[in-house]
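To start, the structure itself, in structure tokens.
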Amino acid sequence: MAKVGISLDAELVVEVMVLSGTNSPQDAVELVVRDYIARGHRTEARTELTDERLRETDAAPQDPQGA
0 MAKVGISLDA ELVVEVMVLS GTNSPQDAVE LVVRDYIARG HRTEARTELT DERLRETDAA
60 PQDPQGA
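So, in structure tokens, the structure goes:
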């Protein structure tokens, strides 16, 4: 996998290290990014299920309305 070098504010990195419980800035930032991506995938999965249910409801035959 390709690697990318970036610059971040030191206070931000220290905060991430404390919250993630790691001793390495690289590991801390990587954990945060991986968690962010995983959350996005979980959200997509839940949203997709909801969308499918709504489509099934909309596609179901409707009772005639009105006279």
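Position 31 of the sequence shown, counting from 1, maps to 30 under numbering that gives the first Met the number 0, and the rest follow consecutively.
All C-beta atoms in this analysis are idealised placements derived from N, C-alpha and C, irrespective of residue type, glycine included.
I think residue i touches residue j, with their Cβ atoms under 8 Å apart; what is that distance to the nearest whole Å?
i	j	result
residue 11	residue 21	That belief does not hold up - the Cβ atoms of residue 11 and residue 21 are roughly 14 Å apart, past 8 Å.
Using alpha carbons as the reference points, say which of the options lies closest to residue i.
i	options	result
residue 6	36, 49, 17, 28	28
Let's test the definition: count the other Cβ atoms within 10 Å of the Cβ of residue i and tell me whether it reaches 16, buried, or not, exposed.
i	result
residue 17	exposed
residue 3	exposed
Here's a check: name, in chain order, each residue in its chain whose Cβ is nearer than 6 Å to the Cβ of residue i, leaving out the five neighbours to either side.
i	result
residue 19	27, 30
residue 39	none
Excluding sequence positions up to five away, which residues of its chain have a Cβ less than 8 Å from the Cβ of residue i?
i	result
residue 23	16
residue 0	none
residue 34	none
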